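Let me begin by presenting the structure, written as structure tokens, before commenting on it.
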Amino acid sequence: MSLQLDFPAVLERWPSFLAGAVLTLELAAFATVLGALLGTLAAVGRGTHNALISGACKVYVETIRNTPLLVQIFLVYFGLASLGLKFSAFTVAVAALTINVGAYTAEIMRAGFEAIPRGQIEAAEGLALSRLQIYWHIILLPAIEKVYPALTSQFVLLMLASSVCSQISAEELTAVANYIQSDTYRAFETYIIVAVLYVILSLVMRAGFWGLGLVLFPRRRRLGTPL
Amino acid sequence: MGGHLNINHLMFLGQGALWTIGLSVIALIGGGIVGFVIALARISPLKSVRIASAVYVQLIQGTPLLVILFLGYFGLAAIGLKVSPLAAAGASLTLYVAAYLGEIWRGCIQSVPKPQWEAAEGLALSRTQRMLKVILPQAIRIATPPTVGFMVQIVKNTSLASVVGFVELMRSGQIVNNSLFEPFAIYAIIAVIYFAMCYPLSLFSQRLERRMGRGRSNLAPA
């Protein structure tokens, strides 16, 4: 039996594909921003001298990093439901992805914090900078600058992983594909188109982060170190 | 409908866990073989081979595993091959793992210090001899910790094979849940089992990394 592909039959659904791609980007954007905040907090928490806080942060990071995202999504989905809380699938997806990417971000940020030379903090103290100023200018921003490439690839991976949210029927690109393939019986064509769209989305995200890096870290551009 | 979680359900989950391990091993071996070829192709002297392998890596790394699984499952069926979920999942995971391991290993091969390459060339070793006798033995040492770390990703990613109907741990959890309908408890058990499989690998990878770090500092010139 030979393979017969009929792309036009599927491509005429392009508005749905486009809407799905936009929803995937939205999902990824929400989870990236919230996850970056959560992850930074967890990284700071892990570095504190309070054993309870640093222990809790460690348990969070290790639990998330050693269980599959699919299981985490189901746990959040049914966990919230069993507490009697009703949210849209999209909200649950954002929550689960945030919790997930927060743990990975925490590990990356921790590496960034550890790479800050002790002497720079002492120098800042010598210059009578306040604790907040030291945290912001000497620790946080340089740490982000150091781990920026690792962070951005983690966020691109998150966008790809968001496809798993189709399993709790959250509206995004893969869910759209599942619907279209069950409607047209053209599964192979549908998923090829979706795969191409994901490749384009990841290229767009990488280009976006690269541009953002140029704006955020002008020093890097002057020094000529690649992002 | 209803009923309580009993020993039979747990046995069923245990069987699923064994299939998760089985699928992980298949993905590791298949992905390792293809990934090794990719790693060598990425540093090939032929430009066309380098470009082709780079395109492969970029395409796979830009596509979610879930979509690759669907493509494997429906795609192989579309060319008229009747495939079992195991074959579809094994093939898709192999292609996926190969792209990532290929990139990891390329980095490891290239991080073997330049003088080693030059010395091997100076000793008039052929390209194959230089790879087999000088570069690869050192690259394997460098590659061990990240490879063990990536095995955690493989184990976790096999959970996606549940969507094409392969009964591994995740799918067996869903089946048990369909009869008991206690989703939170069952998925919590599933999470614990995954954790029990992945955490030792994570710890092992960290320990290997630390040991390597020590070896490195000993080698540093005084």
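Going down the list, the protein sequences come from chains A and B. With my numbering applied, the first sequence corresponds to residues 1 to 227, in that order. With my numbering applied, the second sequence corresponds to residues 1001 to 1222, in that order. Positions of the beta carbon are idealized from the N, C-alpha and C atoms, including for glycine. Keep in mind it's a predicted model, so treat the numbers as computed, not measured.
Original post:
Would you call the CB atoms of G84 of chain A and G35 of chain A closer than 8 angstroms?
Top reply: No, the pair does not count as a contact, with Cβ atoms beyond the cut-off.
**OP:** Measure from the C-beta of L1010 of chain B to each C-beta in chain A and report whether the shortest distance is under 8 angstroms.
**Re:** No - not a single Cβ of chain A is within 8 angstroms of the one on L1010 of chain B.
Subject >> Where the alpha helix (DSSP H) containing F30 of chain A begins and where it ends >> reply: For F30 of chain A, the enclosing alpha helix (DSSP H) starts and ends at W14 to G47.
**OP:** Report yes if the C-beta distance between V1134 of chain B and Q1110 of chain B is below 8 angstroms; otherwise report no.
**Re:** Against a cut-off of 8 angstroms, the Cβ pair of Q1110 of chain B and V1134 of chain B comes out as no contact.
Original post:
What residues from the region 1075-1086 of chain B come within 7 angstroms of chain A, judged by C-beta to C-beta, listed N to C?
Top reply: So the close ones are G1075, A1078, I1079 and G1080.
Subject >> Interface positions of the region 58-85 of chain A facing chain B (Cβ-Cβ less than 9 angstroms), listed along the chain >> reply: Residues E62, T63, R65, N66, T67, P68, L69, L70, V71, Q72, F74, L75, Y77, F78, G79, A81 and S82.
Original post:
Roughly how many angstroms separate the alpha carbons of R220 of chain A and A56 of chain A, rounded to a whole number?
Top reply: Rounded to the nearest whole angstrom, the CA to CA distance from R220 of chain A to A56 of chain A is 35 angstroms.
Original post:
Looking at V1055 of chain B and the ligand MN, is the gap between the Cβ and the nearest heavy atom below 7 angstroms?
Top reply: You won't find the ligand MN in this model; it holds no ligand whatsoever.
Original post:
Using the beta-carbon of each residue, which ones in chain B are nearer than 9 angstroms to L160 of chain A?
Top reply: Under the 9 angstroms cutoff, chain B gives Q1061, G1062, T1063, P1064, L1065, L1066 and V1067.
**OP:** For chain A, find out if any of its Cβ atoms is closer than 8 angstroms to the Cβ of A1088 of chain B; answer yes or no.
**Re:** Chain A, which has no Cβ nearer than 8 angstroms to the Cβ of A1088 of chain B, makes this no.
Original post:
Are the beta-carbon atoms belonging to L1018 of chain B and V1176 of chain B less than 8 angstroms from one another?
Top reply: Taking a C-beta distance under 8 angstroms as the contact criterion, L1018 of chain B and V1176 of chain B do not qualify as a contact pair.
Subject >> Limits of the unbroken alpha helix (DSSP H) element including L214 of chain A >> reply: The continuous alpha helix (DSSP H) containing L214 of chain A extends over residues A187 to L216.
Subject >> Helix, strand or coil at G1090 of chain B [DSSP, three-state] >> reply: Of the three classes helix, strand and coil, the one that applies to G1090 of chain B here is helix, per DSSP.
Original post:
Out of curiosity, what's the CA-to-CA distance linking L214 of chain A and Y148 of chain A?
Top reply: Across the structure, L214 of chain A and Y148 of chain A are spaced so that their CA atoms are roughly 11 angstroms apart.
Subject >> Rounded Cβ spacing between Y1194 of chain B and K1156 of chain B (contact assumed at less than 8 angstroms) >> reply: Your pair Y1194 of chain B and K1156 of chain B checks out as a contact, with CB atoms roughly 7 angstroms apart and the cut at 8 angstroms.
Original post:
What residues from chain B crowd round Q154 of chain A, counting only those whose CB sits closer than 7 angstroms?
Top reply: Proximity of chain B to Q154 of chain A at the Cβ level (cut-off 7 angstroms) is not reached, the minimal Cβ distance being about 13 angstroms.
Subject >> Neighbour-count burial assignment, W136 of chain A, 16 or more Cβ in a 10 Å radius >> reply: By the Cβ neighbour-count rule, W136 of chain A is exposed, with fewer than 16 other Cβ atoms within 10 Å of its own.
Original post:
Between the region 1140-1166 of chain B and chain A, which residues of the former have a C-beta closer than 9 angstroms to a C-beta of the latter?
Top reply: Of all residues in the region 1140-1166 of chain B, V1152, V1155, K1156, N1157, T1158, S1159, L1160, S1162 and V1163 have a Cβ within less than 9 angstroms of some Cβ in chain A.
**OP:** Taking T174 of chain A as the query, report the chain B residues whose CB atoms sit under 9 angstroms from its CB, ordered along the chain.
**Re:** Per Cβ cutoff of 9 angstroms: P1064, L1066, V1067 and F1070.
Original post:
Counting Cβ pairs, one atom from each stretch, are 3 or more of them under 8 angstroms apart for the region 170-181 of chain A and the region 125-140 of chain A?
Top reply: No, the region 170-181 of chain A does not touch the region 125-140 of chain A.
**OP:** Could you tell me how far apart the beta carbons of E1103 of chain B and V1037 of chain B are, in whole angstroms, since I believe they sit closer than 8 angstroms?
**Re:** Cβ-Cβ separation between E1103 of chain B and V1037 of chain B: approximately 13 angstroms, too far for a contact (criterion under 8 angstroms).
Original post:
Taking Cβ positions, are T244 of chain A and E114 of chain A nearer each other than 8 angstroms?
Top reply: Limits of chain A in this structure are 1 at one end and 227 at the other, which puts residue 244 of chain A out of reach.
Original post:
Quick one: does A195 of chain A have its CB under 8 angstroms from some CB of chain B?
Top reply: Yes, contact with chain B.
**OP:** Check the C-beta distance from L1101 of chain B over to G1032 of chain B and give it rounded, since I have them as a contact under 8 angstroms.
**Re:** The beta carbons of L1101 of chain B and G1032 of chain B sit about 6 angstroms from each other, so the pair counts as a contact at 8 angstroms.
Original post:
What whole-angstrom Cβ distance do Y1187 of chain B and F78 of chain A have, given they're in contact under 8 angstroms?
Top reply: At roughly 7 angstroms, the Cβ-Cβ gap stays under 8 angstroms, so Y1187 of chain B and F78 of chain A are in contact.
**OP:** Check the Cβ of P1183 of chain B against every Cβ in chain A and list those closer than 9 angstroms, keeping chain order.
**Re:** Taking a Cβ-Cβ cut-off of 9 angstroms, the neighbours of P1183 of chain B in chain A comprise F74, L75, Y77, F78, G79, A81 and S82, given in sequence order.
Original post:
So what's S153 of chain A in DSSP terms, helix, strand or just coil?
Top reply: Note: S153 of chain A maps to helix in three-state DSSP.
Original post:
Quick one: what's got a C-beta closer than 7 angstroms to L201 of chain A's C-beta in the same chain, skipping five residues either side?
Top reply: So the list reads A21, T24, L25 and M159, once near-sequence residues are dropped.
Original post:
Does the beta carbon of M1170 of chain B come closer than 8 angstroms to any beta carbon on chain A?
Top reply: Chain A contact via Cβ: present.
Original post:
For Q154 of chain A, is the classification buried or exposed, using 16 other Cβ atoms within 10 angstroms of its Cβ as the cut-off for buried?
Top reply: Answer is buried; the Cβ neighbour count reaches 16.
Original post:
Does any C-beta atom of chain B lie closer than 8 angstroms to the C-beta of L25 of chain A?
Top reply: The Cβ of L25 of chain A sits no closer than 8 angstroms to any Cβ of chain B.
Original post:
On the three-pair Cβ rule with 8 angstroms, is the region 1139-1157 of chain B touching the region 1200-1209 of chain B?
Top reply: A contact exists between the region 1139-1157 of chain B and the region 1200-1209 of chain B.
Subject >> Span of the alpha helix (DSSP H), counted from its first residue to its last, around W1241 of chain B >> reply: Residue 1241 of chain B is absent from the model: chain B starts at 1001 and stops at 1222.
Subject >> Buried or exposed by the 16-neighbour rule on C-beta atoms within 10 Å, applied to M1197 of chain B >> reply: The residue is buried, with at least 16 neighbouring Cβ atoms inside 10 Å.
Original post:
What does a CB cutoff of less than 8 angstroms around V92 of chain A pick up in its chain, not counting 5 residues either side in sequence?
Top reply: Hits under 8 angstroms: I73, V76, Y77, L80, I168 and A170.
Subject >> Neighbouring residues, chain A, relative to F1204 of chain B (Cβ below 7 angstroms) >> reply: Near F1204 of chain B there are no residues of chain A at all, since even the closest Cβ is about 12 angstroms away, more than 7 angstroms.
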